[in-house]
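By my numbering, the letter at position 63 of the sequence shown is numbered 63, and the numbering carries on one by one without gaps.
Even glycine gets a Cβ: it sits at the ideal position worked out from N, Cα and C.
Heads up: the structure comes next, in structure tokens.
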Amino acid sequence: MSQERAQQLYEHVTALESQYSEILRQEAMLGTARREAISAAETLRGTAGGKALEALVPVGAGLYLGARVDDPDRVIVDIGAGVAMERDRASALDHVEAQIKGLDVALGNAAEQKRQIAAQLQQGRQELEG
């Protein structure tokens, strides 16, 4: 293998390693978002019944305010672009379940990309060694 070809291959492998690291980071972020969405869905299911409940509202820096939620069947949902709207519990639950499905698809896509890049990395490394 020529020195020029070896240099090109080395640069290609380095770029693939960078892509692989980025996908790992994306997978971690997607996994965190998925766990948060699942927790939100479980909370919505667990507070059904329309009875008032006590809650802690995080205000930052590890501080919380005690609050009373008089109507837990009304939920404020962030719908994107800095816009939030009030929805009933069922609609909010549908919204978060759709998010979970979207995150599952994104995680599957990331896993497939990771597999493809890993195969290319292995091939590139073998070619560099051989």
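Under the DSSP assignment, MET1 falls outside any alpha helix (DSSP H); it carries neither an H nor an E label.
With a 10 Å radius around the Cβ and a threshold of 16 neighbouring Cβ atoms, ILE76 comes out exposed. Bridge partners of VAL59 according to DSSP: none are assigned. Following the DSSP letters along the chain, one finds ALA90 inside the alpha helix (DSSP H) bounded by residues 89 to 129. Secondary structure of ALA48 (DSSP, three-state): coil.
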